[in-house]
Amino acid sequence: MEIMDMSFCSYNHNMNTICKFWAVGQCKKGEACEYRHSWGSNGFQELASLPKTLTKVPRKLQIDEVSWFPPPQNFIKINTDGAAKGRSNEASCGGVFRDCNGTILGAFSSFLGNKTSLEAELYGVIKAINIACANQWHCVWLEVDSILTLSMIANNKTDVPITIREEWLKTLQQIQTMNLIYSHIYREGNQVADLLANHGFFSRDEFSWFSEAPNFIIKEALRDINGPVRYRVKA
242 MEIMDMSFCS YNHNMNTICK FWAVGQCKKG EACEYRHSWG SNGFQELASL
292 PKTLTKVPRK LQIDEVSWFP PPQNFIKINT DGAAKGRSNE ASCGGVFRDC
342 NGTILGAFSS FLGNKTSLEA ELYGVIKAIN IACANQWHCV WLEVDSILTL
392 SMIANNKTDV PITIREEWLK TLQQIQTMNL IYSHIYREGN QVADLLANHG
442 FFSRDEFSWF SEAPNFIIKE ALRDINGPVR YRVKA
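The opening position of the sequence shown corresponds to residue 242 in our numbering, with each subsequent residue numbered one higher.
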């Protein structure tokens, strides 16, 4: 779906200039403004003097639907998120586990201290896989909003920061024992995991486990299942 994003200067009648809106095909005044709908002898000079915003080609904004989908039967779907905030790079992560009906089986949040955004994203995956293994959830669909993190999983990448390498190598080994599906989702569709990561940041708790859906994620979790769909807008 496409919409047009157009911005024009205010219109000011002046007998000595052409119609600004007619110059870009946007005049709605019709015959009341007809005397200005002409290039005339000075028309090109007048048009050249108009603000550049009047002659730019309008930007096209692309609008995409973003939906969360439940996993197949007998699979557990995990959505994780991680982020570093502020100049100090204080970071947190979070994750949620759901079955084929979208029912939340558990969720976690974690404050990580001083970490990079990549470390935060990877820690979200590390903690989620550890929890899945502890619960013997071996059929797993892992979904993240970080393309870099997804690439590191898909390509079995071991080149990670030294501070996280040992735990990451263990996670890659655990993944090898699983029936694992992995996918990318835009952040607009990863709102539940985002809320959990934010909770970890503001709570400052090293680790919190929720055996039932906490109140602060229920609205977005229900929206994942029942709609309305979310939208991603990009230029």
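Just so you know, even glycine gets a beta-carbon here, dropped at the ideal spot from N, CA and C.
Taking the DSSP output, what are the residues bridged to Trp450?
In DSSP, Trp450 forms a bridge with Phe349.
Use the C-beta contact count for Pro312: other C-beta atoms within 10 angstroms, 16 or more gives buried, fewer gives exposed.
buried
Counting along the chain, where does the beta strand (DSSP E) carrying Gly335 start and finish?
Glu331 to Arg339
Distance check for Arg445 and Asn315, CA to CA, integer angstroms please.
If I take the Cα positions, the gap works out to 34 Å.
Does the segment 422–439 come into contact with the segment 386–406, if we say contact requires no fewer than three beta-carbon pairs (one atom in each stretch) closer than 8 Å?
Three or more pairs of CB atoms, one per stretch, sit closer than 8 Å, so the segment 422–439 contacts the segment 386–406.
Quick check on Leu295: does DSSP put it in helix, strand or coil?
Interpretation of Leu295 is limited by its pLDDT of 49, a score under 50 that renders its predicted location unreliable; no figure is taken from the coordinates.
With a threshold of 16 other CB atoms inside 10 Å of the CB of Ala476, please say whether the residue is buried or exposed.
exposed
If you follow the alpha helix (DSSP H) that Tyr364 is part of, which residue opens it and which one closes it?
Ser358 to Ala375
Using a threshold of 7 Å, state whether the C-beta atoms of Thr412 and Ile367 are closer than that.
yes
Same chain only: Cβ atoms within 7 Å of Ile370, ignoring 5 sequence neighbours per side
Thr412, Gln415 and Ile416
Using the Cβ count rule (16 or more neighbours within 10 Å means buried), how would you classify Trp450?
exposed
What do you reckon, are the CB atoms on Gly204 and Cys341 nearer than 7 Å?
No information on residue 204 is available, as it lies outside the stretch 242 to 476 that the chain covers here.
How is Arg300 classed by DSSP in three states: helix, strand or coil?
strand
Could you spell out where the beta strand (DSSP E) holding Arg488 opens and where it closes?
This structure cannot speak to residue 488, because the chain is shown only from 242 to 476.
Burial state of Arg406 (16 or more Cβ within 10 Å)
It is exposed - the Cβ of Arg406 has fewer than 16 other Cβ atoms within 10 Å.
Closest by C-alpha distance to Leu436, when choosing among Ala395, Ser350 and Gly327
Ser350
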